[in-house]
Amino acid sequence: MIPTLFINDPPLCAIVIMPGPGTLSCPMSYDHKAIEAKWQRIWEDEGVFQVEADPSRPKFYNVCMYPYPSGALHQGHIRNYTYGDLLTRYKTMRGFNVLSPMGWDSFGLPAENAAIATGVHPRINTEKQIATMATQMKQLGAMYDWSREIASHQPSFYKWDQWLFLELFERGLAYKKEAPVNWCPKDQTVLANEQVVDGECERCGTPVVRRNLAQWFFRITDYADRLLADIDKLEHWPDRVRTMQRNWIGRSEGARFTIEVDGGGSFEVFTTRPDTIFGMTFCVLAPEHPLVDRLIEGKPEAEAVRAYQEKASRASELERMAEGDKTGVFTGAHAINPVNGKRVPIYVADYVLMGYGTGAIMAVPGQDQRDWDFATKYGLEIIRTVQPPDDWEGEAYVGDGPTINSDFLDGLYMDEAKDRIIGWLEEKGIGERSVNYRLRDWLISRQRYWGSPIPIVECPSCGLVPVPRDQLPVLLPEVEDWLPKGRSPLAAVDSFVNTDCPSCGGPARRETDTMDTFVDSSWYFFRFTDPHNEEAMFDPEKAAYWMPLDQYIGGVEHAVLHLLYARFITKVLYDMGLSSVEEPFTRLFTQGMITLGGAKMSKSKGNVVDPVDMYESHGADALRMFHLFLGPPTEDAIWNDGGIDGTRRFLDRVWRMTTQSVDFVDRPEDDRDREVIGAAHRALKKVTEDIERFHFNTAIPALMILANAMGDYLGNEPRDETFHEVVRMLLLMLAPMAPHISHEIWEMRGYEGMLAEQAWPDWDPELAREETVTLVIQINGKVRDRIEVPADITPEDAERIALESDKARAFIDGHEVRKVIAKPPRLVNVVVG
RNA sequence: GCCCGGGUGGCGGAAUCGGUAGACGCGAGGGGCUUAAACCCCCUUGAGCCAAUCGGCUCGUGUGGGUUCGAGACCCACCCCGGGCACCA
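As structure tokens, then:
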């Protein structure tokens with residue numbers, strides 16, 4: 014028999030033993046600091062979570078999005094890693110070979126900005142911050158396979174960024190082009206459209222202006238169809254993320270055709286509504302459209318158009334959007350509608366974007382609200398070509414209906430009219446059916462120091478020449494001055510820039526742009542499978558064992574960009590024969606934000622509650638439990654200060670109950686034992702199901718209810734064997750959530766082996782079953798009585814009991830019973846009239 | 001403007017399939033333990049009304065309608081809050 018009080022060495026609780034039943038025999042609180050340090054050391058020393066590929070076992074590849082090493086964990090990190098670690102530990106107990114690695118997204122602007130501000134080299138600062146955060150992660154009890162730790166700023170990692178770039182370059186998937194880009198005047202750098210938030214620089218908030226620069230792009234648009242089609246395969250992704258990706262790719266079908274300019278010249282337009290072509294009453298070109306200059310040459314309108322172009326180019330996205338209503342100017346030129354020869358004015362307006370479609374549209378105000386707004390503002394003609402419903406009171410009618418005012422299309426509905434007109438355009442050689450995407454190519458150039466150098470040499474005679482692979486990595490040189498002055502800081506390092514052309518050997522210049530950090534994060538999860546490989550990006554066989562990720566956990570803010578780029582690169586690697594899978598992430602879980610006072614926790618808002626302080630005051634286990642308990646993981650969670658006291662109190666209670674001396678009674682098993690065992694099995698059922706469906710916030714109450722049942726049991730002639738078994742089950746359930754305290758109690762009470770290596774138990778449905786349930790008796794849908802009945806009651810018995818209930822009778826007598834709906838064992842509804 | 005979420009006690013939240021609204025925790029109030037406090041334990045805690053003993057009734061999940069024996073959940077319209085966005089032809 015296992016003794017009721019057992020302290021293994023080293024003793025971690027200064028226990029004062031006091032006699033008497035129910036008397037507390039140790040302090041209220043356990044010594045969380047000593048216990049947590051002890052187990053963190055043991056897990057690390059024993060390498061509990063270090064894993065190798067093992068085809069004989071089912072694998073589970075579990076990744077929390079690797080963080081930017083900002084220097085300290087915040088509550089969002091804690092939430093993320095608590096979920097991830099819970100899953101790692103749970104799946105391990107379920108017998109999976111679980112890989113849970115950690116790494117660092119360590120290139121990027123913040124480190125460079127900090128360097129500019131403090132003069133400390135980004136590498137020094139970054140590595141210091143990595144060390145701090147790794148310590149804090151270990152203090153949380155999050156167990157990663159640290160032998161696989163990677164950091165994107167290390168040459169051993171970014172070498173393979175460069176290698177990947179060369180592969181894309183040689184496949185025509187990386188190219189350089191002059192393009193209008195968003196320019197942040199403060200950071201002196203280019204931002205992708207995606208990185209401009211409300212017209213302002215995502216990172217520093219400065220309004221963005223437009224500027225032309227030669228930039229490197231990845232041709233993600235070549236993969237648009239596959240990226241779109243495969244969204245359907247991501248059945249374990251949240252619907253909202255799938256919707257966002259679909260919208261981002263934005264496939265639209267329509268037609269592309271040429272419109273002649275009256276007096277010479279032509280331009281191409283894209284439309285999704287070619288069926289409305291007879292309703293075209295004007296055309297609009299984007300301000301940047303190359304034809305504009307020729308159209309206005311020598312015309313009186315030229316000056317106004319140039320002023321408008323100037324204003325549009327200067328205006329940030331923010332200003333353009335704040336404008337509200339449509340603006341534009343007449344070019345003085347006219348276009349000819351190809352279907353009927355009608356002569357219509359050509360305008361320039363910034364609601365047409367050069368980056369989408371052809372940068373020019375046919376405007377059909379009758380069927381497009383934006384065109385309608387523009388037409389009414391500038392007094393332009395409106396022709397309806399789709400018959401709106403009789404009760405239509407709106408402006409532009411975008412719905413389906415019979416075509417009108419459209420010659421040979423009259424009477425046809427939208428789809429048929431589209432087919433007919435596209436056929437006509439193709440027959441005449443004017444245009445063709447066309448698919449257009451909102452998705453644009455991925456701009457990867459950054460005029461920054463702290464990133465992977467792009468491995469290209471520009472030779473005056475050979476052009477853009479890839480750096481030979483045996484010369485990789487192109488190392489970041491040491492620089493004195495990180496401040497970008499309109500060009501990359503690398504451009505100021507002569508020894509870096511000046512090189513020999515790998516092709517002809519003549520003098521040449523290195524590319525001085527570095528890569529977007531999204532490049533690193535789009536393949537790092539492959540590197541985890543083979544992190545120390547010096548010969549290759551990774552061994553395809555090792556990757557094939559682990560990939561795809563069985564679970565990927567991160568913030569919903571990455572719903573589009575990171576996840577789309579990672580999907581794209583995975584498909585490229587698949588096409589190269591390196592990846593065995595086309596989709597990297599089988600299951601995606603996006604957690605909500607932590608908010609306080611109606612806003613996301615952030616330093617700038619001054620509403621930060623530092624989690625690391627709580628390691629000291631409450632312990633990592635209490636903090637983990639609190640995050641699990643806080644609310645539904647997918648939803649934003651509102652921080653409340655008192656909550657962690659509650660989870661700490663719960664752990665204290667578990668500690669007390671399981672470590673105190675108890676006067677056990679030697680008696681036969683009876684209902685009291687069956688009840689507490691039943692409570693344990695019901696808790697196990699609930700906790701298991703809740704973990705499987707990511708409802709951690711309801712798993713914690715199940716444990717609290719069990720603890721309450723155990724408390725009751727202890728006060729009522731407890732049997733040692735029963736209690737010991739219930740504690741065993743409680744600790745197994747608690748192990749993934751509050752691992753330190755549960756390991757310590759497990760060891761103290763002398764259970765076999767290390768808790769983390771135990772199998773997750775199965776619940777016994779027979780033991781979990783409730784003997785009786787509360788039957789609710791409703792009269793006309795209102796609850797009138799509640800009666801305890803056997804759980805296996807028949808509908809007939811339930812109905813009889815309901816009709817015999819005194820309380821029910823009071824409402825039934827004198828009325829006709831019209832219907833009885835019996836849903837045993839929970840509810841009977843008697844309908845009387 | 002468009003897209004995606006959300007609105008339940010004093011607070012965080014629960015209610016998995018349309019079936020007991022408010023689990024669990026926090027906070028608050030009362031009691032016990034204590035010389036006293038902390039800790040801990042027990043009880044109460046949606047609102048209103050009646051009974052003032054056991055209890056009982058009415059209302060109640062943002063608002064207004066609807067479907068249903070029955071709606072927090074489903075449908076329609078609206079209000080409010082949060083997040084995202086590239087006026088995407």
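Each step along the first sequence adds one to the number in our numbering, with nothing skipped, and position 478 is 491. Beta carbons: idealized from backbone N, C-alpha and C, even for Gly. Nothing here was measured: the structure is a model prediction, and the numbers come from that model.
Which of helix, strand or coil DSSP assigns to H90: Annotated three-state conformation of H90 is helix, per DSSP.
Assigned secondary structure, I806 (DSSP; H/G/I helix, E/B strand, else coil): Looking at I806 - three-state DSSP - the assignment turns out to be coil, as it is neither helix nor strand.
Rounded Cβ spacing between F531 and R540 (contact assumed at less than 8 angstroms): That belief does not hold up - the Cβ atoms of F531 and R540 are roughly 15 angstroms apart, past 8 angstroms.
Run of the beta strand (DSSP E) containing H347, from where it starts to where it stops: Run containing H347: 341 to 349, per the beta strand (DSSP E) assignment.
Beta-carbon proximity of D158 to L226, cut-off 8 angstroms: In this structure, L226 does not lie closer than 8 angstroms to D158 by Cβ.
Proximity to A164 [Cα-Cα], best of D118, T145, R397, L186: Minimum Cα distance to A164 is reached at D118.
Contact belief for Q791 with R782 at Cβ below 8 angstroms, rounded distance in angstroms: Between R782 and Q791 the Cβ distance is about 25 angstroms, and since that is not below 8 angstroms, they are no contact.
Three-way DSSP call (helix, strand, coil) for I467 in this model: Reduced to three states, the DSSP call for I467 is coil.
Extent of the continuous beta strand (DSSP E) run through E757: Annotation: E757 is outside any beta strand (DSSP E); the continuous alpha helix (DSSP H) that includes it extends over 752 to 761.
Range covered by the beta strand (DSSP E) that runs through D513: Taken as a continuous stretch (DSSP letters only), the beta strand (DSSP E) holding D513 covers 511 to 513.
N-terminal and C-terminal residue of the beta strand (DSSP E) that M375 is part of: Counting along the chain, the beta strand (DSSP E) containing M375 begins and ends at 373 to 376.
According to DSSP, residues forming a beta bridge with Q564: Residue pairing of Q564 in beta bridges, as defined by DSSP: N75.
Cα-Cα separation between V845 and P645, rounded to whole angstroms: In this structure, the straight-line span from the alpha carbon of V845 to that of P645 is close to 41 angstroms.
Cβ-based burial, Y426 [other Cβ within 10 Å; buried from 16]: Counting of Cβ neighbours within 10 angstroms places Y426 among the exposed residues, the total staying below 16.
F120 - DSSP class collapsed to helix/strand/coil: The three-state secondary structure of F120, taken from DSSP, is coil.
Nearest-angstrom Cβ-Cβ length linking D275 and H347, presumed shorter than 8 angstroms: With a contact defined as Cβ atoms closer than 8 angstroms, D275 and H347 qualify at about 4 angstroms.
Spatially closest choice to A505 from Y462, I758, D733, by CA coordinates: A505 has its Cα closest to that of Y462, out of Y462, I758, D733.
Alpha carbon of V841 to alpha carbon of I806, nearest angstrom: Distance from the CA atom of V841 to the CA atom of I806, rounded to whole angstroms, is 12 angstroms.
Through-space distance from E493 to C475, alpha-carbon basis: One C-alpha to the other measures close to 31 angstroms.
Strand pairing of E445, partner residues [DSSP]: Looking at the DSSP assignment, E445 forms a beta bridge with R269.
Nonlocal neighbours in the same chain, by C-beta distance under 7 angstroms from W229, ignoring five residues either side: Only A187, K189, I457, S458, I467, D526 meet the Cβ criterion.
Boundaries of the alpha helix (DSSP H) in which T304 is found, first to last residue: The sequence as given places Leu at residue 304; Thr does not occur at that position. Careful: L304 lies outside any alpha helix (DSSP H) and carries neither H nor E.
Classification of A130 by the beta-carbon crowding that lies within 10 angstroms, buried from 16 upward: With fewer than 16 other Cβ atoms within 10 Å, it is exposed.
Three-way DSSP call (helix, strand, coil) for E596 in this model: Note: E596 maps to coil in three-state DSSP.
Extent of the continuous beta strand (DSSP E) run through W229: Here the beta strand (DSSP E) through W229 covers 222 to 231.
For M854, the three-state DSSP class (helix, strand or coil): The first residue shown for the chain is 14 and the last is 846, placing residue 854 beyond what the model contains.
Cβ contact (3+ pairs, closer than 8 angstroms) linking the segment 764 to 779 and the segment 103 to 111: Contact holds: three or more Cβ-Cβ distances are below 8 angstroms.
Beta carbon of I566 nearer than 8 angstroms to that of F642: No. Outside cutoff.
For P303 and S326, believed in contact at Cβ under 8 angstroms, the rounded distance: With a Cβ gap of about 14 angstroms, S326 and P303 do not count as contacting.
Reduced DSSP secondary structure (H/G/I, E/B, other) of Q152: Note: Q152 maps to helix in three-state DSSP.
Collapsed DSSP secondary structure at Q249 in the structure displayed: Reading off the sequence, residue 249 comes out as His, not Gln. DSSP places H249 in strand when its eight states are reduced to three.
Cβ neighbour criterion (16 or more within 10 Å) applied to S755: With 16 or more other Cβ atoms within 10 Å, it is buried.
Bridge-paired residues (DSSP) for N110: DSSP lists K72 as partners of N110.
C-alpha gap between W385 and A409, whole angstroms: Their Cα atoms are separated by approximately 6 angstroms.
Limits of the alpha helix (DSSP H) - the one that E59 falls within: For E59, the enclosing alpha helix (DSSP H) has its first and last residue at 45 to 59.
For G655 and K832, the rounded distance between their alpha carbons: Rounded to the nearest angstrom, the two C-alpha atoms are 50 angstroms apart.
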